[in-house]
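Same order as they appear, the protein sequences are chains A and B. The opening residue of the first sequence carries number 98 in my numbering; numbering runs sequentially from there. The opening residue of the second sequence carries number 98 in my numbering; numbering runs sequentially from there. For every residue, glycine included, the Cβ atom is placed at its ideal position computed from N, Cα and C. Report on one structure; see the data block that follows.
2 protein chains.
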Amino acid sequence: MSTSFQPLYKQVYDVLTQRLQEGYWKPGDLLPSEFALADELGVSQGTVRKALNQLVTEYLLDRQQGKGTFVAEHTQESSLFRFFRWREPGGEKLIPETTVISQSRKSANVDQQQKLGLPAGAEINELVRVRSLLDQITLLEFVVQPLSVFPDIDLIKELPNSLYTLYQERYGISIISARDELRAEALPKKFAKHLNLPPQHPVLVVERLSINIDGRAVEYSTAYCSTESFSYVVNLK
Amino acid sequence: MSTSFQPLYKQVYDVLTQRLQEGYWKPGDLLPSEFALADELGVSQGTVRKALNQLVTEYLLDRQQGKGTFVAEHTQESSLFRFFRWREPGGEKLIPETTVISQSRKSANVDQQQKLGLPAGAEINELVRVRSLLDQITLLEFVVQPLSVFPDIDLIKELPNSLYTLYQERYGISIISARDELRAEALPKKFAKHLNLPPQHPVLVVERLSINIDGRAVEYSTAYCSTESFSYVVNLK
DNA sequence: CAGTGGTCTAGACCACCTT
DNA sequence: AGGTGGTCTAGACCACTGC
Numbered sequence: 098m099s100t101s102f103q104p105l106y107k108q109v110y111d112v113l114t115q116r117l118q119e120g121y122w123k124p125g126d127l128l129p130s131e132f133a134l135a136d137e138l139g140v141s142q143g144t145v146r147k148a149l150n151q152l153v154t155e156y157l158l159d160r161q162q163g164k165g166t167f168v169a170e171h172t173q174e175s176s177l178f179r180f181f182r183w184r185e186p187g188g189e190k191l192i193p194e195t196t197v198i199s200q201s202r203k204s205a206n207v208d209q210q211q212k213l214g215l216p217a218g219a220e221i222n223e224l225v226r227v228r229s230l231l232d233q234i235t236l237l238e239f240v241v242q243p244l245s246v247f248p249d250i251d252l253i254k255e256l257p258n259s260l261y262t263l264y265q266e267r268y269g270i271s272i273i274s275a276r277d278e279l280r281a282e283a284l285p286k287k288f289a290k291h292l293n294l295p296p297q298h299p300v301l302v303v304e305r306l307s308i309n310i311d312g313r314a315v316e317y318s319t320a321y322c323s324t325e326s327f328s329y330v331v332n333l334k
Numbered sequence: 098m099s100t101s102f103q104p105l106y107k108q109v110y111d112v113l114t115q116r117l118q119e120g121y122w123k124p125g126d127l128l129p130s131e132f133a134l135a136d137e138l139g140v141s142q143g144t145v146r147k148a149l150n151q152l153v154t155e156y157l158l159d160r161q162q163g164k165g166t167f168v169a170e171h172t173q174e175s176s177l178f179r180f181f182r183w184r185e186p187g188g189e190k191l192i193p194e195t196t197v198i199s200q201s202r203k204s205a206n207v208d209q210q211q212k213l214g215l216p217a218g219a220e221i222n223e224l225v226r227v228r229s230l231l232d233q234i235t236l237l238e239f240v241v242q243p244l245s246v247f248p249d250i251d252l253i254k255e256l257p258n259s260l261y262t263l264y265q266e267r268y269g270i271s272i273i274s275a276r277d278e279l280r281a282e283a284l285p286k287k288f289a290k291h292l293n294l295p296p297q298h299p300v301l302v303v304e305r306l307s308i309n310i311d312g313r314a315v316e317y318s319t320a321y322c323s324t325e326s327f328s329y330v331v332n333l334k
């Protein structure tokens, strides 16, 4: 299966991952059974199982006893809340409501080129939106989407609440991880009206790089967040 | 091994976890081999292996081919940086230097009682310290330690840079996870001098609950952080 | 009922470490 | 050489699903 040494289960894992990346299997699809995969790849069922279970821990697959193994979908609640870290003081999960402010096609600036690994002059779509939690305006978000990754995304009229679902269904992009960088800043005057806060008020700035299944950074967003009523909560394990 | 149904490997996992909690095996100890454990518990070696590997993914054990299986220690770099999320803009890891400002025994206030699950009137040690990154003062930290968990910790003269190591070596407390709650605030005037920032400057406030191997919250800390030069960085998976 | 994943076992061989 | 964990296989039985 490969000349350089790799454990068999790792080689199987790589084959499966590649098929997921290529879209050979798409989100929601039913995979062949363990025995069918084992036969096809020339290994034992236990070896296939080990690779499959690894992909389950990475949220790429979903296995259901008696039914089969499916490609994970982002439409599941559990998957959404992995990346949405806002919580009430009580710790309860929250569902955001989203309003689009503007959307425009432009050339990526140097920072955006660097963060997203884009060539000079690359085009992006910049989406500006406001998100509310329990009817309180909390986040002002600037989302940068390379048009090379999301062709014509600037032409879409009705954006869903969850962009990741759109990425997956329309562009075959499955976000598997995100890198958040947080700092505190004084709210810039020009953003104040959107957040219902006075200028210079302290806000939490969350810069996020979203990573596709193939390891590429495909989206870059910056959010200015009021933390008057809600907090960014994360569990370190 | 138990009357209610549990998979064998889960029962083995529970036995091993309990022994770790009780201190039957201590950090750094060498565990018996897979076959020895399998004999003792009356299951096959593969079943023990499954439980052991689960504990490795939870950072409770460390396995080395040819040597054996060891109880994980917090003194390892990898373990420390799991919980220390401060990074340079470049993304490089940073080692903090720490200076103790004060330490005092007092009664837990209501908030502290609630967060740590303490009875009314419980005594705590409050440790105040300043931490620097690359010689820049960055964090002002208030650490709350219940004396019921850490007896006489207020009497220790020389605190190490890493409290978690102290907890493990001296009190048998192994921190396995932490829950961070982040918000932005204006720097209170009384803290300004410690952080070399003007009062009202935006700071990142990080409230942390540290969780012991038995699931109890055993430490509660609040940090006021300058994000002028460094950021709190987290990878969501 | 057949097909799926979940668990458990037993045994083989390998790679690594220590003596 | 002997002991450890790492990999791989083959086969058994169970629990759940859907026809």
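Across which residues does DSSP place residue i in a beta bridge pair?
i: TRP122(A); result: Paired residues: none, contrary to the question.
i: GLN161(A); result: GLY165(A)
i: LYS334(A); result: Its beta-bridge partners do not exist; DSSP assigns none.
i: ARG228(B); result: THR195(B) and LEU236(B)
i: TYR321(A); result: LEU237(A) and VAL302(A)
i: ALA283(A); result: PRO299(A)
i: LYS339(B); result: Since the first residue shown for chain B is 98 and the last is 334, residue 339(B) is missing from the structure and cannot be characterised.
i: ASP277(B); result: VAL331(A) and ARG305(B)
Examine chain B for any beta-carbon lying closer than 8 Å to the beta-carbon of residue i, and answer yes or no.
i: ALA289(A); result: no
i: THR100(A); result: Note that THR100(A) has pLDDT 37, beneath the 50 cutoff, so the model's placement of it is unreliable and no number is given.
i: PRO296(A); result: no
i: LEU333(A); result: yes
According to the neighbour-count rule (16 or more other Cβ atoms, all chains shown, within 10 Å of its Cβ), is residue i buried or exposed?
i: ASN293(A); result: exposed
i: PRO243(A); result: buried
i: PRO248(B); result: exposed
i: VAL207(A); result: exposed
i: GLU137(A); result: exposed
i: PRO193(B); result: buried
i: GLU238(A); result: buried
i: LEU117(A); result: buried
i: ASN222(A); result: buried
i: ASP232(A); result: exposed
i: MET98(A); result: Summary for MET98(A): the model assigns pLDDT 36, below 50, so the residue's position carries little reliability; its value from the coordinates is reported in the next sentence. So MET98(A) counts as exposed.
i: ILE272(B); result: buried
i: ILE198(B); result: exposed
i: GLN115(A); result: exposed
i: THR324(B); result: buried
i: ALA217(B); result: exposed
Rank the options by C-alpha distance to the C-alpha of residue i and give the top, closest one.
i: LYS164(B); options: TYR156(B), GLU185(B) and GLY125(B); result: GLY125(B)
i: LEU215(A); options: ALA133(A), TYR317(A) and PHE239(A); result: TYR317(A)
i: PRO299(A); options: ASN309(B), ALA281(B), LEU230(B) and ARG184(B); result: ALA281(B)
i: THR195(B); options: PRO104(B), SER259(B) and ALA289(B); result: SER259(B)
i: LEU191(A); options: SER201(A), VAL197(A), ARG202(A) and SER175(A); result: SER175(A)
i: SER358(A); options: LEU237(B), VAL153(B) and ASP277(B); result: Missing from the structure shown is residue 358(A); chain A here goes from 98 to 334 and no further.
i: THR154(B); options: TYR110(B), THR319(B), ARG202(B) and VAL227(B); result: TYR110(B)
i: GLN142(A); options: VAL240(A), SER130(A) and LYS287(A); result: SER130(A)
i: VAL302(A); options: LEU279(B), GLU238(B), PHE180(B) and THR172(B); result: LEU279(B)
i: GLN210(B); options: ASN309(B), ALA314(B) and GLN108(B); result: ALA314(B)
i: GLU220(B); options: ARG305(B), THR235(B) and ASP251(B); result: ASP251(B)
i: TYR106(B); options: LEU127(B), ALA135(B) and TYR121(B); result: ALA135(B)
i: TYR156(A); options: ASN309(A), GLU325(A), ALA320(A) and CYS322(A); result: ASN309(A)
i: TYR268(A); options: LYS203(A), SER245(A), PRO186(A) and GLN173(A); result: SER245(A)
i: LEU224(B); options: ASN332(B), SER274(B), ALA320(B) and PHE102(B); result: ALA320(B)
i: LEU263(B); options: LEU177(B), LEU306(B) and ASN332(B); result: LEU177(B)
i: THR144(B); options: LYS290(B), PRO104(B) and VAL331(B); result: PRO104(B)
i: ARG179(A); options: TYR261(A), GLY312(A) and ILE253(A); result: TYR261(A)
i: LYS203(B); options: ALA275(B), CYS322(B), ALA133(B) and VAL240(B); result: VAL240(B)
i: GLY187(B); options: ASN332(B), SER326(B) and LYS334(B); result: SER326(B)
i: VAL227(A); options: PHE288(A), THR172(A), HIS171(A) and GLY218(A); result: PHE288(A)
i: LEU127(B); options: LEU333(B), ASP159(B) and THR235(B); result: ASP159(B)
With a threshold of 8 Å between beta carbons, is residue i in contact with chain A?
i: ARG179(B); result: yes
i: ASN258(B); result: no
i: HIS283(B); result: The sequence given here places Ala at residue 283(B); His does not occur at that position. Answer yes: the Cβ-Cβ gap between ALA283(B) and chain A drops below 8 Å somewhere.
i: PRO299(B); result: yes
* For the region 302–330 of chain B, which residues have a CB atom closer than 7 Å to at least one CB atom of chain A, in sequence order? -> Going along the region 302–330 of chain B in chain order, one finds THR324, SER328, TYR329 and VAL330 with a Cβ nearer than 7 Å to chain A.
* **Residues, ordered as in the chain, of the region 196–222 of chain A that lie near chain B by beta-carbon distance below 7 Å** => Residues passing the 7 Å Cβ filter: none.
* At a Cβ cut of 9 Å, what residues of the region 262–280 of chain B count as close to chain A, listed as they run along the chain? -> From the region 262–280 of chain B, only ILE273, SER274, ALA275, ARG276, ASP277, GLU278, LEU279 and ARG280 have a Cβ closer than 9 Å to chain A.
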